[in-house]
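See below for the structure under consideration.
Protein chains in written order, with the working numbering: chain W, 111 to 266; chain Z, 170 to 1174.
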């Protein structure tokens, strides 16, 4: 499939925790808050489930941005997962900045199940900030990790 | 005897009771007056003291209730008639027509969009408009539209409109719907109709109804709520301006017999006002000035005092005052005129006034009480007994929630479970008699098969198809690797499509399924059940959310939405391809309970379980039963405690199902829900399915600044010591002057919480002394009087008897000295502004209730958390007040937080009800998506044991390999993310599954 829009569109992989942010994203839908169509949502049980290598893998595979959103501090369904996530991303953020990746490419936020409008706002902001940065090049491998060998070959 | 129950009122209490009963073997008819359940809690924005979003924590319970096989939800219904006797009631329920067929309605909202008739939205307290065809609120259950017959054009003039019927894609509108009468036979009836917020229109001084910017607290909740009339932007009614100065007036319709006729305290308003002030400050773009005008700040619950202190730090102003009037100023602003502490008249200008209105019984509830023939008390609430707080005056009819006294959500939830327990006890012979178990065919083993994936793409009427090119998506998904079948459906969740889906799975030999439709949050379990019906493991399933997170949010960009839908389907296919069948983990239940603590709470729990036929071991560290209740004289209602206590003790003592172990403690425990093994100090090893902790608390021994000569002067006593004197008939009538000091060891920096019971206890005792000798002078030195709920009556009585109340504050503690062998108390009087001196012959200290230090060790044994003050910490402050995050362990009584006897009893009943849920079953389900360690990769660093919030991971120090106790694992994945050697996976959510989704997402865009 070729680009529909001639204008470049950023690709943003978005990890949402099941209990708060995924529900917040649903509420944005129920309330019909519109936001840019650039995110691809992957549901995870908890932001604490997010291994840094998932984010690195997304960047390596060609994502222009990665967003992780969990429950607000104190609201974690699994007691403390979002605190682990916060610490982990603090460290990862430093590392990515150190190796020269723009700070806005990987973002972390809290959205509760009640914050439909906030979810839409966050997505608009993140999309805009990644769009400004332009396509990611630093970590992208030429050959995307393969789940479909044929496609990978065709790309070469 | 019937095995079914009628619950009247879909409040949070009614919903909780329905779930408890249905899960423990009883069929429930839940009758709700409006078109959806959820009650007042669904209208709240946030809840104190955790600031949880109310709808978020409530809606999973509602969904569970709506989908429960053994709960029959009767909305738009009312009780019409009741006959019969406990165990065998015959009832008639009248159900009003909905005019929308709930089996067809897909809640797409097309009808409401087209409906030309706008009416006031009752859910938002008439602050905005809804249509004549409406959804009560976005998360309501059942999520089905209803037509308001009062306002519908067609129903009033048939043939005139009918727009909804024309646009409804599911043909769900039925103008010919009629009311129906359900004749039911039930064993017991439970009332949970909730309350109504006080209507302040009659209170002219507030200006409510005349001044637009005076709103009630419930209206303000809706103004704050993201789903409210101003989508959470906090606009004031007159001009939509964001207020920057907001005033809260406390006790509107409470503690005010003269103007509002309600002399009781509504118990929750102080806390919700603080919460609203805090949330409003958070909401405000600029700095918001929030001031609360109050008489006594009543923050008497767990975590409340800390919340109050935090609010002060955040700049919320608290003004102890009496408000004289609210008057209009220019630009729709308002003037609050009030008398301050010195009695001087003050004036504050504000933008918005919020009236903290109290709770009242509704007229409907009074009619219901009349119909059920249950007695009301002097405050028009349902009359209950302190020793059985959920029983009404009529056997077989029970009550829970705010209809028996104003109370907060956790207390309502406690009572709901307590009422469920009383009903279970009564009907235990009929358990599982009228309930159904879901039946599924044997599952096909697909392990060795190559993936054969089926994709079902939903149009959801036009909800998806109107934006996304579903035909294109369906054709596209057919080309994806391993997809052997793809189909487009108009409504994937309609009964006929579901049946056809199950057939397709079998005919096509599918072994993985993707449904591209709405959100898994509402529909995953439905489709998973379909897989089970077709003989597939339910974990071989994935959803692509192409409605809520696609077509609805990219309505103006169909091309991009279609592209996104394809991506989401491709990601789901990639993810499901690697999915494995997972075991439906279960644990066999050891049908016995261990109750730790032989106080009133422990004994109540033990008896409640034993009476249902479950063997109970009751362990008490002291040599006798009764705990603190042995030292109590009266309940606040003036009822003697001793008689009831002795009755309970003898029941426990002689009960065949209770093994009593006095002088015994718990040493260690292993296992988890359904199967615990506990070792006691006498060497005995117990096998039990559930554990109840009711280890109590104790009175603080006053020390330091708060010692007040306690221990050195014999005339200085604690409340419990005076109770003991009264119990032993020591002549107290000869006392000439008694002084009570409140808050001894409570609400101080070292011990910041309020002990909840002492105000009422002290005042009740003072009243008793005053009645013994009306000549006695009694002075109460207090900080805030916290006689919450109907306990306010005691405070009122004390004042009418001439007992004097003198307020002190922390900077000016009372001074207690001895002068020539005579006790001397000095205190600064806040009215006279001078020091007052007393020479009492009795000084009573209302000391704090503290946790036993051993509670901490016991908590460790069962892996339960405790809070900073040493009290056990429940799973959720609002909705799981007797559970722990660890399943199968429950708590009740003073070890949770200081509370009066009647609340300890209710909590003990609730804990027993929750334990019955486990004990009534042979097997209990456990989480299937759990973590698993690959021992070959594990380096034994132990990081996973530090990360797991449930202590499910352990490191074997001999082999240096970690392992996961599956029955404890909740599947959060914290250990997986933290594992340095990639040795732990979360089943079906392993890195490979998530990376497959990431890779698929990035493949084409």
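In this text, a Cβ means the ideal position worked out from N, Cα and C, and glycines have one as well.
From a predicted model like this one, the values you see are computed outputs, not experimental measurements.
Within the same chain, show all residues whose beta-carbon is closer than 6 Å to that of residue i, passing over the 5 residues directly before and after it, in chain order.
i, result
"residue 786(Z)", "763, 828, 855"
"residue 192(W)", "157, 180, 181, 186"
"residue 1066(Z)", "471, 1040"
"residue 255(W)", "For residue 255(W), the predicted model reports a pLDDT of 49, less than 50, meaning its position is unreliable; a value from the coordinates is still stated below. Same-chain partners within the cutoff: 171."
"residue 251(W)", "170"
"residue 258(W)", "With a pLDDT of only 43 at residue 258(W), under the threshold of 50, the placement of this residue in the model should not be trusted, and no figure is reported."
"residue 266(W)", "At residue 266(W) the pLDDT is 35, less than 50, meaning the model places this residue with poor confidence and gives no usable figure here."
"residue 219(Z)", "1046"
"residue 250(Z)", "261"
"residue 601(Z)", "194"
What residues from chain Z crowd round residue i, counting only those whose CB sits closer than 8 Å?
i, result
"residue 144(W)", "722, 723, 724, 725"
"residue 140(W)", "307, 717, 721"
"residue 227(W)", "395, 400, 401"
"residue 151(W)", "714, 718, 737"
"residue 164(W)", "1160, 1163, 1164, 1167"
Residues in the same chain with beta-carbon distance under 8 Å from residue i, minus the five sequence neighbours each way, listed in chain order, please.
i, result
"residue 226(Z)", "216, 1045, 1047, 1048"
"residue 716(Z)", "627, 629, 632, 633, 686, 687, 688"
"residue 877(Z)", "871, 885, 910, 913, 983, 985, 1012, 1014"
Within a Cβ cutoff of 7 Å, which residues of the same chain sit near residue i, ignoring the five residues on either side of it in sequence?
i, result
"residue 1033(Z)", "1041, 1053, 1055, 1058"
"residue 671(Z)", "699, 702, 703"
"residue 1096(Z)", "754, 1138, 1139, 1140"
"residue 284(Z)", "300, 301, 302, 332, 333"
"residue 1082(Z)", "189, 586, 587, 589, 590, 593"
Since residue i and residue j are thought to touch, with beta carbons under 8 Å apart, how far apart are those beta carbons, to the nearest angstrom?
i, j, result
"residue 467(Z)", "residue 434(Z)", "7 Å"
"residue 147(W)", "residue 741(Z)", "Not a contact, Cβ separation roughly 17 Å."
"residue 416(Z)", "residue 522(Z)", "5 Å"
"residue 1084(Z)", "residue 1117(Z)", "Contact flag wrong, Cβ pair sits at about 25 Å."
"residue 720(Z)", "residue 637(Z)", "5 Å"
Name, please, each residue of chain W whose Cβ falls closer than 7 Å to the Cβ of residue i.
i, result
"residue 688(Z)", "136"
Mind pulling the chain Z residues with CB within less than 7 Å of residue i?
i, result
"residue 270(W)", "No information on residue 270(W) is available, as it lies outside the stretch 111 to 266 that chain W covers here."
"residue 224(W)", "222, 224, 225, 395"
"residue 172(W)", "1171"
Who are the neighbours of residue i on chain Z, taking C-beta pairs under 9 Å?
i, result
"residue 178(W)", "Those do not exist, as residue 178(W) stays about 11 Å from chain Z at its closest Cβ, beyond 9 Å."
"residue 198(W)", "1146, 1147"
Applying a beta-carbon distance threshold of less than 8 Å, which residues of chain W neighbour residue i?
i, result
"residue 1158(Z)", "154, 155, 159"
"residue 941(Z)", "None at all; the shortest Cβ gap to chain W is about 50 Å."
"residue 1041(Z)", "In chain order: nothing, as chain W lies at least about 15 Å away."
Under 9 Å Cβ-Cβ, which residues of chain W neighbour residue i?
i, result
"residue 740(Z)", "150, 151, 152"
"residue 283(Z)", "In chain order: nothing, as chain W lies at least about 16 Å away."
"residue 471(Z)", "Going along chain W, no residue has its Cβ under 9 Å from residue 471(Z), so there is no contact; the nearest lies around 15 Å."
Of all the residues that make up the stretch 182 to 193 of chain W, which are near chain Z by a beta-carbon distance shorter than 9 Å?
182, 184, 185, 186, 187, 188, 189, 190, 191
Proximal residues, the stretch 634 to 646 of chain Z versus chain W, C-beta separation under 8 Å:
none
Using a Cβ cut-off of 7 Å, which residues of the stretch 574 to 597 of chain Z contact any Cβ in chain W, in chain order?
none
For the stretch 914 to 993 of chain Z, which segments carrying the alpha helix (DSSP H) assignment without a break, of at least 4 residues, lie completely within its bounds, in sequence order?
927 to 941, 961 to 969
In chain order, which beta strand (DSSP E) runs of at least 3 residues are fully inside the stretch 256 to 283 of chain Z?
257 to 264
Chain W contacts made by the stretch 1113 to 1125 of chain Z, where a contact means CB separation under 7 Å
1116, 1118
Please go through the stretch 707 to 778 of chain Z and give each complete beta strand (DSSP E) segment of 3 or more residues, from N-terminal end onward.
710 to 714, 755 to 757, 762 to 765
At which residue ranges does the stretch 553 to 633 of chain Z contain complete alpha helix (DSSP H) runs of 4 or more residues, listed in the order of the chain?
578 to 596
Between the stretch 1131 to 1145 of chain Z and chain W, which residues of the former have CB atoms less than 8 Å from a CB of the latter, in chain order?
1139, 1140, 1141, 1142, 1143, 1145
At 4 residues or longer, what runs of the alpha helix (DSSP H) sit wholly inside the stretch 996 to 1032 of chain Z?
1024 to 1030
Taking beta-carbon pairs under 9 Å, can you tell me which members of the stretch 185 to 211 of chain Z lie near chain W?
none
Below 7 Å between beta carbons is the criterion; list the residues of the stretch 1048 to 1060 of chain Z that meet it against any residue of chain W, in chain order.
1054
Near-chain W residues of the stretch 494 to 525 of chain Z - C-beta to any C-beta below 8 Å:
none
Under 8 Å (Cβ pairs) to chain W, residues found in the stretch 1087 to 1113 of chain Z
1098
Quick check on the DSSP output: what are the complete beta strand (DSSP E) runs of length 3 or more inside the stretch 1084 to 1127 of chain Z, in order along the chain?
1092 to 1094, 1100 to 1102, 1122 to 1125
Which residues, in chain order, does the stretch 293 to 317 of chain Z contribute to contact with chain W at a C-beta distance below 8 Å?
307
Suppose only complete runs of 4+ residues qualify. What are the alpha helix (DSSP H) ranges in the stretch 155 to 223 of chain W, listed by chain order?
162 to 170, 191 to 208
For the stretch 542 to 564 of chain Z, list every residue whose C-beta sits within 7 Å of some C-beta in chain W, in sequence order.
none
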